[in-house]
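Student: Shown below is the structure under consideration.
Numbering (full-length UniProt numbering), first residue to last: 1 to 511.
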C-alpha cells in the first residue's frame, strides 16, 4: 500500500472514530464549579474553580483535554436592502479566551480512557478586570473609545443565566462560558474534536461611575434634553400668563450592589427638577403642577462591524449604515402628584450685583440664561422637585457598557404636567430626557487568593531573582574580546551622539 493510500485510510479512520464518538460513544462530561449555586452572579476578581469529570463509555484514545474560559459577543442585523439575498448579516467577537494549563500528571498514562472510569481534571480561572489590547484592534476615533472597548461587558441576552428579562433584543448577546474539548491529533496536524461541552456563566464585572457627560444646552445633535422652556396662557382667548422653564442635570449613577453583599435595598439614585416661572405681569401667579411620571429607557446598540465612536441615536441617523441598529425599550418607574410643591418668590438682581461665591454652578447654569433676560427688580418664582429613581426588581439590570459591536445606555424620561388657571386650556406637558449611568460595585477589594501551586511558582521565581550572584573581574584572555554592536532599534542613544558635529534625529519612540 502506498503512502497516499495509508494517509487516506488514516484520515478515514479518524473521521469514523470521531463520528462514532459523537453518535454512539459520546462520553459523559460534567463541569463542576466549586461553591456554585443556581443563579449565582460572578464579578471582577471572582474565582471560577472546579473540575471537569469525564467518563468514557468505551476505551478511547485522546491526546489533550482543553479547558477554557471564553467570552463572546454575537450580533445580527436584518438586511433591508433589495440588492442582497442574505436575510441578515451576523458578527461574532471572541473578546476573551483563557486556557487552563494541565500537567502531565493530570492525564492517565498512557492517554487512553478506560471504559466506565471517571477522570477528573481541575481548573481555576479568575474573572479579569480588563481585556488585553488585542481584544480591540480596530480603529477608534479617540483613546476614550478604545479604553471603553477594553472593559469586560456584562452577560446579556441569555435567560438561562439571568433568569429575568434584561431588556436585550434577540439581535445582541453577550455570553460567558467554561468550555471543555477532548482533542486528538490528526495526521494532517489539525486537532480532531472528539467531544465538547460548555457551561454558561452569569458575569457582571465591576463598573466604576464615570464623570457626567458634557451636553450643551439646546444642542439638536444630542439624544438628551436637560432644559425646556414653555409659554403659558391664561385661557384660550386670554393673554399670556408667562413662561415656565424646567431643567435638570445628569443624576448620579445607579450603583448595583456587589453580588456577594446581603443588601436588600434596591439600587436608587436621585434627580432634581429645577422649575422657574417668569410671569408676564405682576398679577400672574405660578401655575398649578399636576402629575410627574418617570420612566427609564434602555437603548441597546448593535452592529455587524466594530464602532469607531460611542453610538447614539443621532450618530445612527446621521451616519446611516445598514449594518447598525438600535433597540429601545422603556420601563415605568413611578407616577405621582406634585401639586403640593410650593413656589418661592424672588426678585431679579441687577446686572452689576456680585453673585455669591457659594452658589452652585449647576444652579447658575440652569438659570443664568433666563436671569439675563429678566429686568432688574422684576419678580420670578422658583421651585424644586426631588425625583427618586429606583430600579424595579422585576428586571435584570446590567451596567452601562460599550464594546466593539454592542453598547447599552440608559435615559431617564421625566414628564411633568402643568395646569393653568384659565378654563378651556388643556394641561401642558414638559418632557426632559436625562442621561443616567448604571454602575456596579463588584468585588474590587476582594482579590482571589492564590492557589498553593500558584504561590509556590511565585515564590520560586522570587527566590531565583534574589539568588546571590558573584561578580568578579574577567580573566585577561577575555578582556577586549567582546564587541557591542550598536543597533538603533535596540539601544538608546549615548551622550556621544548628542556631542557629534553632525546633527542627528532621535526617534522618541526608541528612547
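Even for Gly, the Cβ is constructed at its ideal location relative to N, Cα and C.
1. Kindly provide the ranges of any beta strand (DSSP E) runs that are 3 or more residues long and lie completely inside the UniProt domain "Arrestin-like N-terminal" (30-152), ordered along the chain.
2. Suppose only complete runs of 3+ residues qualify. What are the beta strand (DSSP E) ranges in the region 269-348, listed by chain order?
3. Would you mind reading off the limits of the beta strand (DSSP E) that contains residue 196?
4. Just to confirm my understanding: we take residue 140, look at its own chain, exclude 5 residues before and 5 after, and list those with CB closer than 6 Å. What are they?
5. Going by C-alpha to C-alpha distance, which of 463, 476, 207 sits closest to residue 45?
6. Which residue wins for smallest C-alpha separation from residue 89, given the options 98, 456, 77, 227?
7. Candidates 324, 306, 305: which alpha carbon is nearest residue 314's?
8. Return the bridge partner residues of residue 388 from the DSSP annotation.
9. Could you please give the first and the last residue of the uninterrupted beta strand (DSSP E) stretch that includes residue 515?
10. On the premise that residue 174 lies in contact with residue 73, defined as a C-beta separation below 8 Å, what is that separation, rounded to the nearest angstrom?
11. Under 8 Å, do residue 69 and residue 178 count as touching if we go by C-beta distance?
12. On the three-pair Cβ rule with 8 Å, is the region 54-63 touching the region 100-119?
13. Could you check the C-alpha separation between residue 413 and residue 155 for me, to the nearest Å?
14. DSSP three-state label for residue 434, please.
15. Does the Cβ of residue 461 have 16 or more other Cβ atoms within 10 Å, making it buried, or fewer, making it exposed?
16. Using the Cα positions of residue 254 and residue 391, report the straight-line distance between them to the nearest angstrom.
17. When the Cα atoms are used, what is the spatial distance from residue 406 to residue 311?
18. Of the choices 249, 240, 203, 239, whose alpha-carbon is the least far from that of residue 225?
19. With 16 other CB atoms within 10 Å as the buried threshold, where does residue 205 fall?
20. Between the C-alpha atoms of residue 272 and residue 259, what's the straight-line distance to the nearest angstrom?
21. Between residue 105 and residue 55, is the Cβ-Cβ spacing less than 8 Å?
22. Just the Cα atoms here: how many angstroms apart are residue 397 and residue 122?
23. Have a look at 222, 36, 95 and flag the residue whose alpha-carbon is nearest the alpha-carbon of residue 161.
24. Going by DSSP, what residue range makes up the beta strand (DSSP E) through residue 177?
25. Within its chain, find whatever has a CB closer than 6 Å to the CB of residue 222; leave out the 5 residues flanking it on each side and keep chain order.
26. Sort 443, 292, 189, 333 by Cα distance to residue 269 and report the nearest one.
27. Give the straight-line distance between the Cα atoms of residue 349 and residue 381, rounded to the nearest whole angstrom.
28. Note down the Cα distance separating residue 336 from residue 136, rounded to an integer number of angstroms.
29. Just confirm the distance between the C-beta atoms of residue 198 and residue 184, as a whole number of angstroms; I'd bet it's less than 8 Å.
30. On a CA-only basis, which of 433, 277, 473, 438 is nearest residue 219? Give me that one, please.
31. Can you look up residue 379 in the DSSP assignment and give me helix, strand or coil?
32. With distance defined between alpha-carbon atoms, name the residue in 124, 475, 322, 246 nearest to residue 51.
33. Going by DSSP in three states, residue 461 sits in which element: helix, strand or coil?
34. How many Å lie between residue 487 and residue 401 at the Cα?
35. Short of 6 Å in beta carbon distance, which residues of its chain neighbour residue 30, apart from the five on each side in sequence? Order them along the chain.
Tutor: Considering the structure as presented:
1. DSSP runs (the beta strand (DSSP E)) wholly in the UniProt domain "Arrestin-like N-terminal" (30-152): 47-55, 64-78, 88-100, 118-126.
2. The region 269-348 is shown to contain whole beta strand (DSSP E) runs of 3 or more residues at 288-303, 324-337, 344-347, in chain order.
3. Judged by DSSP secondary structure, residue 196 falls within the beta strand (DSSP E) whose first and last residues are 191-201.
4. Cβ within range, chain order: 146, 308.
5. A check of alpha carbon separations from residue 45 across 463, 476, 207 identifies 207 as the nearest.
6. When each option's Cα is compared against that of residue 89, the closest is 77.
7. Out of 324, 306, 305, 324 has the C-alpha closest to the C-alpha of residue 314.
8. 270.
9. A query on residue 515 cannot be resolved here, the shown segment of the chain reaching from 1 to 511 and no further.
10. The Cβ separation is near 5 Å, so the contact holds.
11. The answer is yes: Cβ separation under 8 Å.
12. Below 8 Å, enough C-beta pairs join the region 54-63 and the region 100-119 to call them touching: three or more.
13. Residue 413 and residue 155: Cα-Cα distance of roughly 26 Å.
14. Residue state, collapsed to three classes: strand.
15. Around the beta carbon of residue 461, fewer than 16 other beta carbons sit within 10 angstroms, so the residue counts as exposed.
16. Looking at the two C-alpha atoms, the distance is approximately 9 Å.
17. Distance from the CA atom of residue 406 to the CA atom of residue 311, rounded to whole angstroms, is 9 Å.
18. Checking every option, the nearest Cα to that of residue 225 belongs to 249.
19. Classification for residue 205: buried.
20. The straight-line gap from Cα to Cα measures roughly 29 Å.
21. No, Cβ-Cβ distance for residue 105 and residue 55 is not below 8 Å.
22. Each residue's CA atom was taken as its position, placing residue 397 and residue 122 some 33 Å apart.
23. For residue 161, the closest C-alpha among the options 222, 36, 95 is that of 36.
24. Start and end: 172-185.
25. 215.
26. Among 443, 292, 189, 333, the Cα nearest to that of residue 269 belongs to 333.
27. Cα atoms of residue 349 and residue 381: separation of roughly 13 Å, rounded to the nearest angstrom.
28. Cα-Cα distance, rounded: 45 Å.
29. The Cβ separation is near 19 Å, so there is no contact.
30. Selected option, being the one with the closest Cα: 433.
31. Secondary structure at residue 379: strand, using DSSP grouped into helix, strand and coil.
32. Out of 124, 475, 322, 246, 124 has the C-alpha closest to the C-alpha of residue 51.
33. In the structure shown, residue 461 adopts helical secondary structure according to DSSP, grouped into three states.
34. The predicted position of residue 487 is uncertain, since its pLDDT is 48 and thus under 50; a value taken from the coordinates is nonetheless stated next. In a straight line, the C-alpha of residue 487 is about 44 Å away from that of residue 401.
35. Only 53 meet the Cβ criterion.
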